[in-house]
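K.L.:
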Amino acid sequence: MAHLSRRDFARSALLLPAMAPARLLAATAYGTVVNGQTFQGARPPGGTGDLGGTAINAVSNTLVESCHFSNFGDGAVCLLDQAIDNFTMKDCDGDNLYCFINNLSWTDPSRNAPVTNFTFSRITGTNLERNMMRIGAASAHGLIEDVVGHGNGNCDDYCVGFQTANNAQDIAYKRCEAHDFAEARRSPSQYWNGDGFSDERTNRLIRYYGCLASGCTDGGFDTKSAGVYLADCRSVGNKRNFRLWNTGSLIRCTSEEPVKLGGTGEAAHFSFFGGSGPVYIFDRPVVRASANNTAPVFLFMSTTRTSIGIYNADIDAPGAPLIKVIGPEPSVHWYPDRPQQNIRVATLRA
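For the record, in the sequence shown the residue sitting at position 175 is 174 according to numbering that gives the first Met the number 0, with numbers rising by one throughout.
1. Does DSSP classify R42 as helix, strand or coil?
2. Once you ignore the five residues that flank S126 on each side, which residues in its own chain have a CB closer than 6 Å to its CB?
3. Give me the residue from Q189, A177, S188 with the minimum Cα distance to G218.
4. Relative to the alpha-carbon of N165, which residue among L347, W105, V32 has its alpha-carbon at the smallest distance?
5. Taking the alpha-carbon positions, what's the F269 to P320 distance?
6. Here's a check: name, in chain order, each residue in its chain whose Cβ is nearer than 6 Å to the Cβ of T53, leaving out the five neighbours to either side.
7. Can you give the Cα-Cα distance for D92 and K173, rounded to whole angstroms?
8. Would you call the CB atoms of S301 and V278 closer than 8 Å?
9. Would G51 and G40 qualify as a contact pair, given that the criterion is a beta-carbon distance under 8 Å?
10. Any idea what DSSP makes of P317, helix, strand or coil?
11. Cα separation between T37 and N70?
12. Taking D179 and D221 to be in contact with their CB atoms under 8 Å, please state how far apart those CB atoms are, rounded to whole angstroms.
13. Pick helix, strand or coil for Q339, following the three-state DSSP scheme.
14. Use the C-beta contact count for Y190: other C-beta atoms within 10 angstroms, 16 or more gives buried, fewer gives exposed.
15. Contact defined as beta carbons within less than 8 Å: I believe N240 pairs with P257. What is the distance between those atoms, to the nearest angstrom?
16. Taking Cβ positions, are D169 and A139 nearer each other than 8 Å?
17. What is the rounded straight-line gap between the Cα of K89 and the Cα of V58?
18. Closer than 8 Å by C-beta to P252: which residues in its own chain qualify, once you throw out the five before and the five after it? Chain order, please.
19. Could you tell me how far apart the beta carbons of R343 and P317 are, in whole angstroms, since I believe they sit closer than 8 Å?
20. By alpha-carbon positions, which one of T303, K323, A345, V324 ends up nearest to I314?
21. Would you mind stating whether P329 and R304 have Cβ atoms separated by less than 8 Å?
22. Quick check for students: name the residue ranges of the beta strand (DSSP E) that lie wholly in the region 145-227, counting only runs of 3 or more.
23. Quick one: residues in its chain with C-beta nearer than 7 Å to the C-beta of G326, no 5 flanking neighbours on either side, listed in chain order?
24. Using beta-carbon positions only, say whether F86 and V114 come within less than 8 Å of one another.
25. Determine the DSSP secondary structure at S306, reduced to helix, strand or coil.
26. Tell me whether S289 sits in a helix, a strand or coil according to DSSP, three-state version.
27. Drop a sphere of 10 angstroms on the beta-carbon of A167, count the other beta-carbons inside from all chains shown, and report buried for 16 or more, exposed for fewer.
28. In angstroms with no decimal places, state the Cα-to-Cα distance between Q162 and I122.
29. Beta strand (DSSP E) containing I250: first to last residue?
30. Among the residues of its own chain, which have a CB less than 7 Å from the CB of A26, if the five just before and after it don't count?
31. Would you say T216 and G160 are within 8 Å of each other, going by their C-beta atoms?
32. If you count every other CB in all the chains shown that lies within 10 Å of the CB of N34, and 16 or more means buried, which is it?
33. Between D156 and E182, which are expected to be in contact by the criterion C-beta below 8 Å, what is the C-beta distance as a whole number of angstroms?
34. Keeping to the same chain, check which residues put their C-beta closer than 6 Å to that of G148; ignore five residues upstream and five downstream.
35. To the nearest angstrom, how far is the alpha carbon of I205 from that of G226?
36. In angstroms with no decimal places, state the Cα-to-Cα distance between D145 and Y208.
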């Protein structure tokens, strides 16, 4: 295999320079302000299903702040039915919700409409059955920062903490956390989904900064969009801490103790899938696992050849193989050469 220089690999990956964060213009005025209110829905404590009502149906030029939401269904706050511009929600919390913030209806796509120039800041959701938030419908120019979602431990099928889909673009997640979005209703012979963060092939300009995913039954970060950018993100105790399907860069990202919580499929730190030939750069990746954790560091399961460049890795997984391949042989480039990087594993290949 020919050795590529750092510059040549980066050029081949079409990933440099890294994308800058979204620049959002501050709103000068809000036509609607909802402040300091407490909203109660009809969802029973410990309930299941998407019923329970909605507290706020958003409109343009709205500020929602310092509000409390309990016992709602598929969207305590809904951004549906009409195009919305200039929406901010901050310093709020919610509990016992099917979905906290809903911009994407799966049951009635006719309701989907874009939201642009939006910010969600300092929001916490607990006992969530399906999502902390869903962003889709060609929504754009969004900042989501310091938002934390906790699954309820008995989540619905296809649960995701932060779900980006349906042509949404130019979305930045900063210091967000997704915990325990774990399916618990499938049989052990089925594949269990359940992700912390996800985006799809129809999305673009998706960035994650300093985000954390833990305790999910599938991917901590499950990303399918092209040119995705993750910096200083951490994924702990998910089945596949990072699931990667397309192209992108992971800068100073950390994977710790992947664990299979149920269903089929093996655990892994960084795993690659799909038929488009994933291409990724890993700059200073950090891996930590105990001696009894045998999950491979890099698991290649794509149906076409994967190419990755690894810069200055810090890998301590003494019970695990460095690489496991199920499919075409990948192209792996080390900068500097692998023996010069800080790597401690059980074996180089599974």
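Yeah, the Cβ is synthetic: ideal placement off N, Cα and C, and Gly gets one too.
A quick note: this is a predicted structure, and the numbers were derived from the prediction, not measured.
P.N.:
Checking against the coordinates, here is how it stands:
1. Residue numbering aside, residue 42 sits at position 43 when the sequence shown is read from its first letter. It is coil, neither helix nor strand.
2. As a first step, residue 126 must be located in the sequence shown, where it is residue number 127. A small correction: the amino acid at residue 126 is Asn; Ser does not occupy that position in the sequence shown. Correct list, in chain order: D94, N95, N151.
3. Against the sequence shown, residue 218 aligns to sequence position 219. Comparing Cα-Cα distances from G218 to each of Q189, A177, S188, the minimum goes to A177.
4. Stepping through the sequence shown from its first residue, residue 165 is reached at position 166. Comparing Cα-Cα distances from N165 to each of L347, W105, V32, the minimum goes to W105.
5. Indexing the sequence shown from 1 puts residue 269 at position 270. Indexing the sequence shown from 1 puts residue 320 at position 321. If you draw a straight line from the Cα of F269 to the Cα of P320, it is about 12 Å long.
6. Counting from 1 along the sequence shown, the entry for residue 53 is found at position 54. Result list for T53: G74, C77, in chain order.
7. One-based indexing of the sequence shown puts residue 92 at position 93. One-based indexing of the sequence shown puts residue 173 at position 174. Straight-line Cα distance between these residues: approximately 18 Å.
8. Working through the sequence shown from its first residue, we reach residue 301 at position 302. Working through the sequence shown from its first residue, we reach residue 278 at position 279. For S301 and V278, no; Cβs fall outside 8 Å.
9. Walking along the sequence shown from the start, residue 51 turns up at place 52. Walking along the sequence shown from the start, residue 40 turns up at place 41. The answer is yes: Cβ separation under 8 Å.
10. The residue labelled residue 317 in the question sits at position 318 within the sequence shown. Under the three-state reduction of DSSP, P317 is assigned to strand.
11. Mapped onto the sequence shown, residue 37 falls at position 38. Mapped onto the sequence shown, residue 70 falls at position 71. Take the alpha-carbon of T37 and the one of N70: they are about 11 Å apart.
12. Taking the sequence shown and counting its residues from 1, the one referred to as residue 179 is at position 180. Taking the sequence shown and counting its residues from 1, the one referred to as residue 221 is at position 222. That belief does not hold up - the Cβ atoms of D179 and D221 are roughly 16 Å apart, past 8 Å.
13. On the sequence shown, position 340 is the one that residue 339 refers to. Residue state for Q339 is assigned as helix, using DSSP reduced to three classes.
14. Counting from 1 along the sequence shown, the entry for residue 190 is found at position 191. Result: exposed.
15. Within the sequence shown, numbered from 1, the residue matching residue 240 stands at position 241. Within the sequence shown, numbered from 1, the residue matching residue 257 stands at position 258. With a Cβ gap of about 5 Å, N240 and P257 count as contacting.
16. Here residue 169 refers to the residue found at position 170 of the sequence shown. Here residue 139 refers to the residue found at position 140 of the sequence shown. In this structure, A139 lies closer than 8 Å to D169 by Cβ.
17. Here residue 89 refers to the residue found at position 90 of the sequence shown. Here residue 58 refers to the residue found at position 59 of the sequence shown. Distance between the alpha carbons of K89 and V58: 16 Å.
18. Taking the first residue of the sequence shown as 1, we reach residue 252 at position 253. The amino acid at residue 252 is misidentified as Pro; the sequence shows Cys. Excluding the 5 residues flanking it on each side, C252 has same chain C-beta neighbours closer than 8 Å at L229, A230, D231, C232, R233, S234, F241, F281, P284, V285, in chain order.
19. Position 344 of the sequence shown, counting from 1, holds the residue named residue 343. Position 318 of the sequence shown, counting from 1, holds the residue named residue 317. In this structure, R343 and P317 form a Cβ contact; the two beta carbons are roughly 6 Å apart against a cut-off of 8 Å.
20. Counting from one through the sequence shown, the residue named residue 314 turns up at place 315. Among T303, K323, A345, V324, the Cα nearest to that of I314 is on A345.
21. Locating residue 329 in the sequence shown gives position 330, where the first residue counts as 1. Locating residue 304 in the sequence shown gives position 305, where the first residue counts as 1. The Cβ atoms of P329 and R304 lie closer than 8 Å to each other.
22. Those beta strand (DSSP E) runs which fall completely within the region 145-227 and span 3+ residues are 159-163, 168-173, 176-178, 194-198, 203-208, 211-213, 218-222.
23. Position 327 of the sequence shown holds residue 326. Excluding sequence neighbours, G326 sits near F299, M300, S301, T302.
24. Counting from one through the sequence shown, the residue named residue 86 turns up at place 87. Counting from one through the sequence shown, the residue named residue 114 turns up at place 115. It is a contact, given that the beta carbons lie within the stated cut-off.
25. Here residue 306 is taken as the residue at index 307 of the sequence shown, counted from 1. In the structure shown, S306 sits in a strand (DSSP, three-state: E or B).
26. The count along the sequence shown starts at 1 and reaches residue 289 at position 290. S289 falls in the coil class under three-state DSSP.
27. As a working note, residue 167 is residue 168 in the sequence shown. Under this definition A167 is a buried residue.
28. Your numbering for residue 162 matches position 163 in the sequence shown. Your numbering for residue 122 matches position 123 in the sequence shown. In this structure, the CA atom of Q162 is about 16 Å from the CA atom of I122.
29. Taking the sequence shown and counting its residues from 1, the one referred to as residue 250 is at position 251. Its beta strand (DSSP E) spans residues 246-250.
30. Position 27 of the sequence shown holds residue 26. Here A26 scores only 42 on pLDDT, less than 50, and its place in the model should not be relied on; the value that follows carries that caveat. Taken in chain order, the residues that qualify are N85, T87.
31. In the sequence shown, the residue the question calls residue 216 occupies position 217. In the sequence shown, the residue the question calls residue 160 occupies position 161. Cβ distance not < 8 Å, so T216 and G160 don't count as in contact.
32. In the sequence shown, the residue the question calls residue 34 occupies position 35. An exposed status is given to N34, since fewer than 16 other beta-carbon atoms sit within 10 Å of its beta-carbon.
33. As a working mapping, residue 156 is identified with position 157 in the sequence shown. As a working mapping, residue 182 is identified with position 183 in the sequence shown. Rounded, the Cβ-Cβ distance is 6 Å, consistent with contact.
34. Here residue 148 refers to the residue found at position 149 when the sequence shown is read from its first residue. The beta carbon of G148 is closer than 6 Å to those of G124, L127, M131, G160, A177 in its chain, skipping five residues each way along the sequence.
35. Indexing the sequence shown from 1 puts residue 205 at position 206. Indexing the sequence shown from 1 puts residue 226 at position 227. If I take the Cα positions, the gap works out to 8 Å.
36. Walking along the sequence shown from the start, residue 145 turns up at place 146. Walking along the sequence shown from the start, residue 208 turns up at place 209. Taking the straight line joining both Cα atoms gives about 10 Å.
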